[in-house]
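Working notes for the structure below.
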Amino acid sequence: MASTKKNESARMREIREKANEQRRAELKAAARRRALIQAGIIAVIIAVVAGGAFAVYNASRGSSELTIPDATATVSVDGAETPFSIDESRIRIGADDAPVTVGLVEDYSCPHFQEYEAEIGSTITDLVADGSIAFEMTPVQIVTNYGVRAGSAAACVAVDEPSSWLTVHEALFERHDGRSDGWRNTDLREFVEGLGVSNTDALDCIEDGTYENWIRQNTTAASEAGITSTPTLLIDGEAVSRLTAEQLRARVASLSE
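Just so you know, my numbering puts 140 at position 141 of the sequence shown, and the rest follows in order with no gaps.
Printed below as a string of structure tokens:
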């Protein structure tokens, strides 16, 4: 009898041990599953956070790609049909055989250039319209980020609705102030649309900041060429001292003789 009880006791211990082993195995398996699930959740969270951060970063900088605007058209300047084009760094408006080329390195965020544009802008338009000059404008950014965003916006219009470029070009200078320095691309889109630009590609381009890195590239190239401030005036490719509207007319007239 004692032997039988002893055998039953041993058997019960064996059963309990096997049950405990199975329970421990089940607990370990459950722990592994929880760890895998937690790791998966953490990975998803990291991916979402990283993706969100990347999106915010890209939104703040615009496109990371360099897109160079390209366009050839004919536009009306004070009623005169005038060739219009964009090359690697400049927007050009004026006859191909114009006797004089007037160039300006411009920053839409520069208050000094804002004043200079108001002083000579209409004179340049007149000289382009009568065939006396071709005007070449190189947009850069030296002062604030409005220079980058507005420069890109103007390039978008130049490519997709060139007939409106002169209007937008002048208005972007006129509108610049401390408030517009804080504008986002959506604000620029709304502003340009309010000027009458209706081309959807141009407006989407403005919102996307498509040519912002083109402005940055122009800025680097200008700096490497020794141009560190705006306005910089060039006559037939050579930098000259700033001229008043009257002086500019006289210089063009003398060079055209």
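For glycine and all other residues, C-beta sits at the position ideal for the given N, C-alpha and C.
Beta-carbon proximity check, Pro161 vs Val104, cutoff 8 Å: Not closer than 8 Å, so no.
Mind checking Leu165: buried by the 16 CB within 10 Å criterion, or exposed? Burial of Leu165 is indicated by the presence of at least 16 other C-beta atoms within 10 angstroms of its C-beta.
Can you tell me whether Gly236 is buried or exposed? The criterion is at least 16 other CB atoms within 10 Å of its CB, across all chains shown. Gly236 should be labelled exposed.
Rounded to whole angstroms, what's the CA-CA distance from Ala221 to Asp186? Just pull it up for me. Their backbone Cα atoms lie some 28 Å apart in a straight line.
Integer-rounded CB distance, given that Ala97 should sit under 8 Å from Ile132: Confirmed, Cβ separation roughly 5 Å.
How big is the Cα-Cα spacing for Thr218 and Ser228? So the alpha carbons of these two residues sit roughly 10 Å apart.
By Cβ distance, which residues of its chain are closer than 8 Å to Thr81, with the 5 residues on each side in sequence left out? Excluding residues within five positions, the ones whose Cβ falls inside 8 Å are Thr73, Val74, Ser75, Ile92, Gly93, Ala94, Val127 and Ala128.
Can you grab the Cα-Cα spacing for the pair Tyr210 / Glu192, in whole Å? Between the alpha carbons of Tyr210 and Glu192 lies a distance of about 18 Å.
Would Glu135 be called buried (16 or more neighbouring beta carbons within 10 Å of its own) or exposed? By the 10 Å Cβ count, Glu135 comes out buried.
Do Asp69 and Ile85 have their beta-carbon atoms positioned less than 8 Å apart in this structure? Going by C-beta atoms, Ile85 is nearer than 8 Å to Asp69.
Determine the burial state of His168: buried for a count of at least 16 other Cβ atoms within 10 Å of its Cβ, exposed for fewer. Label assigned to His168: buried.
Would you check if the segment 190 to 204 and the segment 113 to 123 touch, i.e. whether three or more CB-CB distances between them fall below 8 Å? The segment 113 to 123 is not in contact with the segment 190 to 204.
Less than 8 Å separating the beta-carbons of Tyr145 and His175? Yes, these two residues count as a Cβ contact at 8 Å.
Grouping DSSP H, G and I as helix and E and B as strand, with all else coil, what is Glu160? Note: Glu160 maps to coil in three-state DSSP.
Grab me the residues of Ala38's own chain with a C-beta within less than 6 Å of its C-beta, minus the 5 sequence neighbours each way, in chain order. Residue confidence is low: Ala38 scores 45 on pLDDT, short of 50, so the model does not pin down where it sits. No coordinate-derived value is stated.
Whole beta strand (DSSP E) elements within the segment 162 to 188, 3-residue minimum: You should have found no qualifying run.
According to the neighbour-count rule (16 or more other Cβ atoms, all chains shown, within 10 Å of its Cβ), is Gly78 buried or exposed? Gly78 is exposed by the Cβ-count criterion.
So Ser179 and Val142 are supposed to be a Cβ contact under 8 Å. How far apart are they, rounded? Actually they are not in contact, since the Cβ atoms of Ser179 and Val142 sit about 12 Å apart, beyond 8 Å.
Coil, strand or helix - Thr218 by DSSP: Note: Thr218 maps to helix in three-state DSSP.
Output the distance between the C-alpha atoms of Leu254 and Gly177, rounded to the nearest integer angstrom. Cα to Cα, the separation comes out at about 40 Å.
The alpha helix (DSSP H) that contains Thr124, what's its start and end? First-last of the alpha helix (DSSP H) with Thr124: Pro110 to Ala128.
Rounded to the nearest angstrom, what separates Phe172 and Ser151 at their Cα positions? In this model, Phe172 and Ser151 are separated by some 13 Å (Cα to Cα).
Classify Ser163: buried if its beta carbon has 16 or more other beta carbons within 10 angstroms, exposed otherwise. When all chains shown are included, Ser163 counts as buried.
Could you compute how far the alpha carbon of Val251 sits from the alpha carbon of Glu114? Going by the C-alpha atoms only, they are around 21 Å apart.
Just to confirm the assignment, what range does the beta strand (DSSP E) spanning Ser84 have? First-last of the beta strand (DSSP E) with Ser84: Ala79 to Ile85.
Span of the alpha helix (DSSP H), counted from its first residue to its last, around Val251: Annotation: the continuous alpha helix (DSSP H) that includes Val251 extends over Ala244 to Ser255.
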